[in-house]
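Engineer:
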Amino acid sequence: MSPLTDKGKKREAKKPDVKRPEAKTVEMKKPETKNSNGMKASKPEVERSLRMYRRMLMIRLFEEQVNELYTRALMPGLAHLYVGEEAVAVGICEALRDDDYITSTHRGHGHCVAKGAAPNRMFAELLGKEAGYCKGKGGSMHIADPATGNLGANAIVAGSAGIATGAAFSAKHKGKGQVAVCFFGEGALGQGVVYEVMNLAALWKLPVIYVCENNMYNEYTHFLETTAGDILSRGPAFGVPSESVDGQDVTAVYQVASRLVKRARDGEGPSFLMCNTYRYTGHHVGDISREYYRSKQEEHHWKTDRDPLKLFAEKLIAQKLTDAPSLVKLEDEVRAEMKAAVDFAIAAPYPNADKVEQDVYA
Amino acid sequence: MSPLTDKGKKREAKKPDVKRPEAKTVEMKKPETKNSNGMKASKPEVERSLRMYRRMLMIRLFEEQVNELYTRALMPGLAHLYVGEEAVAVGICEALRDDDYITSTHRGHGHCVAKGAAPNRMFAELLGKEAGYCKGKGGSMHIADPATGNLGANAIVAGSAGIATGAAFSAKHKGKGQVAVCFFGEGALGQGVVYEVMNLAALWKLPVIYVCENNMYNEYTHFLETTAGDILSRGPAFGVPSESVDGQDVTAVYQVASRLVKRARDGEGPSFLMCNTYRYTGHHVGDISREYYRSKQEEHHWKTDRDPLKLFAEKLIAQKLTDAPSLVKLEDEVRAEMKAAVDFAIAAPYPNADKVEQDVYA
Amino acid sequence: MPELAERAIERELTFAQAVREALAEEMRRDPTVCIIGEDVAEAGTPFKVLSGLVEEFGKERVIDTPISEAGFTGVGVGAAMTGMRPVVDIMFGDFLTLTMDQMVNQAAKVHYMSGGKWKVPMVLRTTLGATRRSAAQHSQSLHAWFSHVPGLKVVLPSTPYDAKGLLKTAIRDDNPVVFFEDKMMYKTKGPVPEGEYTIPFGVADIKREGTDITIVGTSSMVQVALGAAALLDEIGISAEVIDPRTTWPLDEATLIASVKKTSRAIVVDEGYGRYGVTAEIASVIAEGAFFNLEAPVKRMGAMHVPIPFSPPLEDVTVPTEQTVFEAARKLCGKA
Amino acid sequence: MPELAERAIERELTFAQAVREALAEEMRRDPTVCIIGEDVAEAGTPFKVLSGLVEEFGKERVIDTPISEAGFTGVGVGAAMTGMRPVVDIMFGDFLTLTMDQMVNQAAKVHYMSGGKWKVPMVLRTTLGATRRSAAQHSQSLHAWFSHVPGLKVVLPSTPYDAKGLLKTAIRDDNPVVFFEDKMMYKTKGPVPEGEYTIPFGVADIKREGTDITIVGTSSMVQVALGAAALLDEIGISAEVIDPRTTWPLDEATLIASVKKTSRAIVVDEGYGRYGVTAEIASVIAEGAFFNLEAPVKRMGAMHVPIPFSPPLEDVTVPTEQTVFEAARKLCGKA
Ligand SMILES: Cc1ncc(C[n+]2csc(CCOP(=O)(O)OP(=O)(O)O)c2C)c(N)n1
Ligand SMILES: Cc1ncc(C[n+]2csc(CCOP(=O)(O)OP(=O)(O)O)c2C)c(N)n1
Ligand SMILES: [Mg+2]
Ligand SMILES: [Mg+2]
């Protein structure tokens, strides 16, 4: 859906509901405005804000295309959309260096984009094309890219907890100040391996940040039915300091992430960050009838009152860092970019069947 | 070693160092004395104390024989002695009914005895004899006995966490007020499955008590090197109330266990109890040179100042529930009993080789 | 004779419905049967196999769990030891990796290690099969691992009829049983009798009689074998298709007798080819029908690669009617 | 020719020493090699295989862990992807059950799923073998599971010489390698050259040449096969003993060539017999030497029971010189 309207875009709808202003060249406002603390925002700060907004928008519109591909039966298999959770990936990755590592999940498109992946190669991967990040071998749930430090999305819930911790182990050994971020849903809190590696990370003071994206549902089950006790006290019980943040507020996410990343880089060890968020759509693109596990009102509330793009847009406008028409223009731009990326992917060739036995062994 | 002396029995020593008083009939004192609160101890209370003492002594002297069997090369394989930790198993099991369940560990002899297993059939099992609890198929690490609610010792660290929780699941379903106790060493805190099942037990309010025997060593590594954060806050993080107790004080263990067992029976759910204790001897009978991982002084301290039998004996004597000669007599009695049990086991036949294919499938 | 041909069954159910009916019947019959797994209650699993059960049996017996495969499988083991008959649901066969300790070191060994004292009447239901475009971590067929482990039984139904009868047998069995369902088959229909019936373990079913070649197929590969048999028929080769239905216990006698008759054999299974189920079955045949075999037993399994996502790649990783047909033709010297 | 016969090596090391020397040499050569596992540092593992390494390489590279097999194996995978070459130590092969997800869904698939972008140069060292009176949860030989999984390599050294050379190769390999050591062999001695050498994977070693029958043995069973061969010699049967050394990659050519020559084969492995390593190797031989075989390939593995504790029971569960000798004699028609 468009971040600039109140209404969630229906999955059937082919174009956004938003009324477009007349086309005109969009100028981003000059960065001489106030930041959220009422202080004058510095140029890098402004650039950061606009970059974060753009990244969130990229994710939103990337997923719009994914759903479209599914609906038009152009995509093999399923995909798990990140819509609604954009501020988490973007806020966290904004705090990272290019050579920092991330691991991702089945709901991984947002993390990949936020860490810098190119949408066209992502779409190509989603369509199983040779030009995809994994030559079509991975698909939606396995996008990986050494160039952006992306160790790979993982279709095993909590499957990358060990990998991320291991990357932090290497980082510490190499001594170049790299940090690893492990993204996972709150459903992964059910997997014991998460606690095993948190304990290891604490013992060995590894530079890893466990980012729990609490969107409140493990597939079709509310997390309160699967999670006893107190999530935020789990980390400390294993020596990992923990905190939570509003996952719909990209600035807040970025700020706490920066602090935790610094902590990790400074050799002070791991941390756990719970980002409270919501997925707007189904568990995967095929999960259409959701009322047996959550209400339309709940979805409506998040989409209208808690949308990370809308909230951030309002803030940027209030801070005079941009204005509504500029954002609409930006949306058109990014949408066109995504469309082009999709077209690239659709046109790209499949791998030859004889590639199937390549890459089993290095 | 004898609970009545200060000196640890050396593994080479063939008889206890304690000086025996003249043999005479031992009368347990009449139960008209004070209990630990200064109140008059009731008859059942006194019986309980003397029973607990006897059970602890049984375990101590059982293990003495095991070590002997090993030293004399009469026992196949190895065994992990429970010496030093007797108050834990005995205090906990004293709070249980016959139809309550326990699961045990590689260091399981104490749990089995405390839950009521017969030493002769245990020794037979340790020697791989047909008369053993498992017809010789299990050995030291797998003693199991439905008659005493013993679901089995387990040679996988934390391997019985799921089983105990499942038994509590059944107990809840059957509604007969049964409780399950899961014994494990603090090393098992490294296994994620422990947290998975604690979470389940909390969600489903299962009558299970997780008893962590913290003897401070995971084999040859101090638990502080393997355990970050705070053990007692782990349970609560998963909805399981936790507490700790002096594992060398059998009365204290019994009292807290009674409370937790009542809680579980009353449908109030699981709990976690850490019992601080110490193993006097090696990780297993063959672990003789231990100075690279712990000091002789440390061992000496526990054996002399923190011995659960000695402490309890002193208390019983102070409370006039018994006297030293009676206890020495008791020790002789129990030792003779153990000797007889060992003799039974040594004399018992091995299973026929054709039994090997029995019991694979029910 | 194929079992089903002997009976005239009017009603058709999908594979998923057959599984559900078996569960419902057993849960009605025996109050100790319960279902434990992720999204098994209202959601009825992602494949909707269990839809409706929670409505009939309630949340006490159809139990949603956290994403803790090791933990709730372990709970299943303990529950089974103490009077319940849990049916534990592992959503994708690939997640069995997380249950290996509970199944192999605990469930499979409890009876033996206790000298026959405790038993573990539990069923682990899970899936197998590729070609759903789900990539390497959601497409594996790992039944060979369990078939390797003494103490476990392994069931691979290939039709709705077999699914119902075998699942009922599994639930009543006093041992841990691992029950694999082909994801791609959930919607396929077949005749299923309404009332009570069970199918014994260790009895292969001759799905099609033939004289020239024996094709042993398991699970998803039975239909592939039947399809290949139909193609072979057209060129005058009469193929017998045998479905062992359980890899353990394994009905060696039926397999060997068939190959003694036909003198040629292909074994088709969707697990990885190497060190997989086809190796055991081929070995059993090669030994048992040694003097009758006119050609080596041909094994066909999944290609030795992690299952790729891309359709043109994934499609070549599993045996198909066509590839089995070609292999059979070659084996019969008609290539 | 048996490799060792070609060289005159004076020095003898135990199997454990050979493993340790390989590790030490590789750690000296490559600072990214590190050891992760339970009680690996001061304790040097319960089998004392690693004694002395922490003293030379320090606690940063010889790292004691909590009892978290899944967790630290996962750390190994991630570390391997990002520049280290971890050697992860799983104390008993039975605990591999806890590492299956990390090894099979992660380590084995990372390279493929990423389209060849990431690689996982790690070694998982562990043990196999029974007859230590350690009962069902400390006696298994689970290498068949890993041999079944594309993306993994599986190594089974049978002598100190092979242990050193193969472990060095494993550490330098860019793929996840599972390295199984027979617990009972740690104290056996054999010639081991002092300097640098590596042994390629996928090259079987003919441990003894012969003409009448091929005995394929793996790991612990190689010595058993050699013992049986000596007994056979006494009754005039010349046995060739082949050690594949790696079950994956598997040197099919050498196995087949040998059986083409001898026309009879026995495959002996300490894993469970059913659906185990012997099935694959026997199938390879039965297919490759089909027209030369004079008798079915005989498979000998661990009995299909959880390993019992009691010595008289445990002793009958694994193949011995005597049982292999009897089987070979029978196969050669001299029973
Ligand atoms: C080990 C494992 N168990 C189960 C699944 C099936 N599954 C896929 S996503 C999912 C729910 C995950 O919930 P959460 O971690 O909260 O992530 P979200 O989908 O909400 O982003 C489940 C159960 C899986 N992929 N892996
Ligand atoms: C899963 C698993 N990993 C490793 C081992 C090897 N092992 C046996 S006992 C032990 C230490 C256990 O320590 P703890 O739980 O504290 O029990 P304790 O021996 O102190 O009673 C280890 C590592 C095992 N048996 N199971
Ligand atoms: Mg979620
Ligand atoms: Mg301990």
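Chains as they are written, first to last, in the numbering used here: chain A, 1 to 362; chain B, 1001 to 1362; chain C, 2001 to 2335; chain D, 3001 to 3335. Glycine included, every Cβ here is placed at the ideal spot set by N, Cα and C. These numbers were taken from a predicted model, which means no experiment stands behind them.
1) Residues of the region 2088-2114 of chain C with a CB closer than 8 Å to any CB of chain B: list them in chain order, please.
2) Can the beta-carbon of G1149 (chain B) be found less than 7 Å from the beta-carbon of Y1101 (chain B)?
3) Provide the residue span of the beta strand (DSSP E) that contains D3162 (chain D), from first to last.
4) Quick check: the Cα distance between T1251 (chain B) and G1091 (chain B), rounded to an integer number of angstroms?
5) Taking the beta carbon of Y1195 (chain B) as the centre, do at least 16 other beta carbons fall within 10 Å, making it buried, or is it exposed?
6) Have a look at C:F2309, C:E2321, C:C2332 and flag the residue whose alpha-carbon is nearest the alpha-carbon of E125 (chain A).
7) Which residues are close to ligand 4, meaning CB closer than 6 Å to any heavy atom, in chain order?
8) Can you name, in chain order, every residue of its own chain whose Cβ lies under 7 Å from the Cβ of E3042 (chain D), other than the five neighbours on each side?
9) Do A153 (chain A) and V197 (chain A) count as a contact pair if the criterion is CB distance below 7 Å?
10) Could you give the C-beta distance for G2195 (chain C) and P2249 (chain C), rounded to a whole number, given that I count them as a contact under 8 Å?
11) In chain order, which alpha helix (DSSP H) runs of at least 4 residues are fully inside the region 62-148 of chain A?
12) Can you tell me whether D1354 (chain B) is buried or exposed? The criterion is at least 16 other CB atoms within 10 Å of its CB, across all chains shown.
13) Which residues of chain C have a Cβ atom closer than 8 Å to the Cβ of R3020 (chain D), listed in chain order?
14) What do you reckon, is the C-beta of H1284 (chain B) under 6 Å from a heavy atom of ligand 2?
15) If I measure Cβ to Cβ from M3221 (chain D) and keep anything under 7 Å in the same chain, skipping five residues before and after, which residues do I get?
16) Do V83 (chain A) and E68 (chain A) have their C-beta atoms within less than 7 Å of each other?
17) Report the option in A:H109, A:T105, A:W204 whose CA atom is closest to the CA atom of H173 (chain A).
18) Give a yes or no on whether 7 Å exceeds the smallest Cβ distance from V2316 (chain C) to chain A.
19) Closer than 7 Å, Cβ to any Cβ of chain A: which residues of the region 3137-3169 of chain D, in chain order?
20) Considering only their Cβ atoms, is the gap separating G1177 (chain B) from A1202 (chain B) smaller than 7 Å?
21) Label S1295 (chain B) either buried or exposed according to how many other C-beta atoms from any shown protein chain fall within 10 Å of its C-beta, with 16 as the threshold for buried.
22) With 16 as the cutoff for other CB atoms within 10 Å, does A313 (chain A) come out buried or exposed?
23) Between D98 (chain A) and A117 (chain A), is the Cβ-Cβ spacing less than 7 Å?
24) Where does the unbroken alpha helix (DSSP H) through A3337 (chain D) begin, and where does it stop?
25) Give, in chain order, every residue of the region 2173-2202 of chain C whose Cβ lies closer than 9 Å to some Cβ of chain B.
26) Taking Cβ positions only, does R234 (chain A) come closer than 7 Å to chain B?
27) As a quick exercise: from B:V1356, B:I1346, B:E1357, pick the residue whose alpha carbon is nearest that of K1129 (chain B).
28) Can you tell me where the beta strand (DSSP E) with F2047 (chain C) in it begins and where it stops?
29) By DSSP, does K3189 (chain D) sit in helix, in strand, or in coil?
30) How many Å lie between Y1133 (chain B) and M2113 (chain C) at the Cα?
31) Who are the neighbours of E1196 (chain B) on chain E, taking C-beta pairs under 7 Å?
32) Just list the beta strand (DSSP E) runs in the region 2244-2298 of chain C, keeping only unbroken ones of 3 residues or longer that don't cross its boundaries, in chain order.
33) One question on the structure: do F3015 (chain D) and A3163 (chain D) come within less than 7 Å of each other, judged by their Cβ atoms?
34) Using 7 Å as the threshold, is the C-beta distance between I1143 (chain B) and L1151 (chain B) below it?
35) Closest Cβ-Cβ distance between V157 (chain A) and chain C: below 7 Å?
36) With a CB to CB cut of under 6 Å and the five nearest residues on each side skipped, what residues in its chain are close to E1022 (chain B)?
Structural biologist: On the basis of the supplied data:
1) Here the close residues are D2101, Q2102, N2105, Q2106, V2110, H2111, Y2112, M2113, S2114.
2) Residue 1149 (chain B) sits at position 149 when you count from the first residue of the second sequence. Residue 1101 (chain B) sits at position 101 when you count from the first residue of the second sequence. At a Cβ-Cβ threshold of 7 Å, G1149 (chain B) and Y1101 (chain B) count as neighbours.
3) Within the fourth sequence, residue 3162 (chain D) is the residue found at index 162, counting from 1. Segment 3160-3172 is the alpha helix (DSSP H) holding D3162 (chain D); no beta strand (DSSP E) there.
4) Start at 1 with the first residue of the second sequence, and residue 1251 (chain B) comes out as number 251. Start at 1 with the first residue of the second sequence, and residue 1091 (chain B) comes out as number 91. In this model, T1251 (chain B) and G1091 (chain B) are separated by some 7 Å (Cα to Cα).
5) Along the second sequence, one-based indexing puts residue 1195 (chain B) at 195. With 16 or more neighbouring CB atoms inside 10 Å of its own CB, Y1195 (chain B) falls in the buried class.
6) For the purposes of this step, residue 125 (chain A) is identified with residue 125 of the first sequence, where counting begins at 1. Considering only alpha carbons, the answer is C:F2309.
7) Listed by position in the chain, the residues whose beta carbon lies within less than 6 Å of some heavy atom of ligand 4 are B:G1185, B:E1186, B:G1187, B:N1215, B:Y1217, B:N1218.
8) Walking along the fourth sequence from the start, residue 3042 (chain D) turns up at place 42. Correct list, in chain order: V3054.
9) One-based indexing of the first sequence puts residue 197 (chain A) at position 197. One-based indexing of the first sequence puts residue 153 (chain A) at position 153. Taking 7 Å as the Cβ cut-off, V197 (chain A) and A153 (chain A) do not qualify as a contacting pair.
10) Position 195 of the third sequence holds residue 2195 (chain C). Position 249 of the third sequence holds residue 2249 (chain C). The Cβ separation is near 26 Å, so there is no contact.
11) Taking 4 residues as the minimum length, the alpha helix (DSSP H) runs contained wholly in the region 62-148 of chain A are 86-94, 109-114, 119-126, in order along the chain.
12) The residue you call residue 1354 (chain B) lines up with position 354 of the second sequence. By the C-beta density criterion, D1354 (chain B) is exposed, having fewer than 16 other C-beta atoms within 10 angstroms.
13) Within the fourth sequence, the letter at position 20 stands for residue 3020 (chain D). Close to R3020 (chain D), with beta-carbon spacing below 8 Å, lies no residue of chain C; the smallest spacing is near 29 Å.
14) In the second sequence, residue 1284 (chain B) corresponds to position 284, counting from 1. For H1284 (chain B), the shortest C-beta to heavy atom distance toward ligand 2 is 6 Å or greater.
15) Position 221 of the fourth sequence, counted from the first residue, corresponds to residue 3221 (chain D). V3268, D3269, E3270, P3319, listed in sequence order.
16) Translated into positions along the first sequence, residue 83 (chain A) becomes position 83. Translated into positions along the first sequence, residue 68 (chain A) becomes position 68. At least 7 Å separates the beta-carbon of V83 (chain A) from that of E68 (chain A).
17) By one-based count along the first sequence, residue 173 (chain A) stands at place 173. Among A:H109, A:T105, A:W204, the Cα nearest to that of H173 (chain A) belongs to A:W204.
18) Looking up residue 2316 (chain C) in the third sequence gives position 316. It does: the Cβ of V2316 (chain C) has a partner Cβ on chain A nearer than 7 Å.
19) For the region 3137-3169 of chain D, residues whose beta-carbon sits nearer than 7 Å to a beta-carbon of chain A comprise P3150, G3151.
20) Residue 1202 (chain B) sits at position 202 when you count from the first residue of the second sequence. Residue 1177 (chain B) sits at position 177 when you count from the first residue of the second sequence. Taking 7 Å as the cut-off, the beta carbon of A1202 (chain B) is found no closer than this to the beta carbon of G1177 (chain B).
21) Within the second sequence, numbered from 1, the residue matching residue 1295 (chain B) stands at position 295. Here S1295 (chain B) is exposed: its Cβ has fewer than 16 other Cβ atoms, across all protein chains shown, within 10 Å.
22) Mapped onto the first sequence, residue 313 (chain A) falls at position 313. So A313 (chain A) ends up on the buried side.
23) If you number the first sequence from 1, residue 98 (chain A) lands on position 98. If you number the first sequence from 1, residue 117 (chain A) lands on position 117. Remark: C-beta atoms of D98 (chain A) and A117 (chain A) do not approach each other more closely than 7 Å.
24) Outside the shown range of chain D, which is 3001 to 3335, sits residue 3337 (chain D), and nothing can be said about it.
25) Going along the region 2173-2202 of chain C in chain order, one finds D2173, D2174, N2175 with a Cβ nearer than 9 Å to chain B.
26) On the first sequence, residue 234 (chain A) is found 234 positions in, with the first residue counted as 1. Cβ-Cβ to chain B under 7 Å: yes for R234 (chain A).
27) Here residue 1129 (chain B) corresponds to residue number 129 of the second sequence, with the count starting at 1. Per the C-alpha coordinates, the member of B:V1356, B:I1346, B:E1357 positioned closest to K1129 (chain B) is B:I1346.
28) By 1-based counting over the third sequence, the position of residue 2047 (chain C) is 47. Unbroken run through F2047 (chain C): none, as it is neither H nor E.
29) Looking up residue 3189 (chain D) in the fourth sequence gives position 189. For K3189 (chain D), the three-state secondary structure derived from DSSP is strand.
30) Residue numbering aside, residue 1133 (chain B) sits at position 133 when the second sequence is read from its first letter. Residue numbering aside, residue 2113 (chain C) sits at position 113 when the third sequence is read from its first letter. Each residue's alpha carbon lies about 10 Å from the other.
31) Given the protein chain composition of this structure (A, B, C and D), no chain E is represented.
32) Listed in chain order, the beta strand (DSSP E) elements of length 3 or more contained wholly in the region 2244-2298 of chain C are 2246-2248, 2265-2272.
33) Taking the first residue of the fourth sequence as position 1, residue 3015 (chain D) is located at position 15. Taking the first residue of the fourth sequence as position 1, residue 3163 (chain D) is located at position 163. Yes; because the gap between Cβ atoms is below 7 Å, this pair is in contact.
34) Here residue 1143 (chain B) is taken as the residue at index 143 of the second sequence, counted from 1. Here residue 1151 (chain B) is taken as the residue at index 151 of the second sequence, counted from 1. Here I1143 (chain B) is not near L1151 (chain B), since their CB atoms are 7 Å or more apart.
35) As a working mapping, residue 157 (chain A) is identified with position 157 in the first sequence. Interface residue, yes.
36) Start at 1 with the first residue of the second sequence, and residue 1022 (chain B) comes out as number 22. Summary for E1022 (chain B): the model assigns pLDDT 38, below 50, so the residue's position carries little reliability, and this model does not support an answer.
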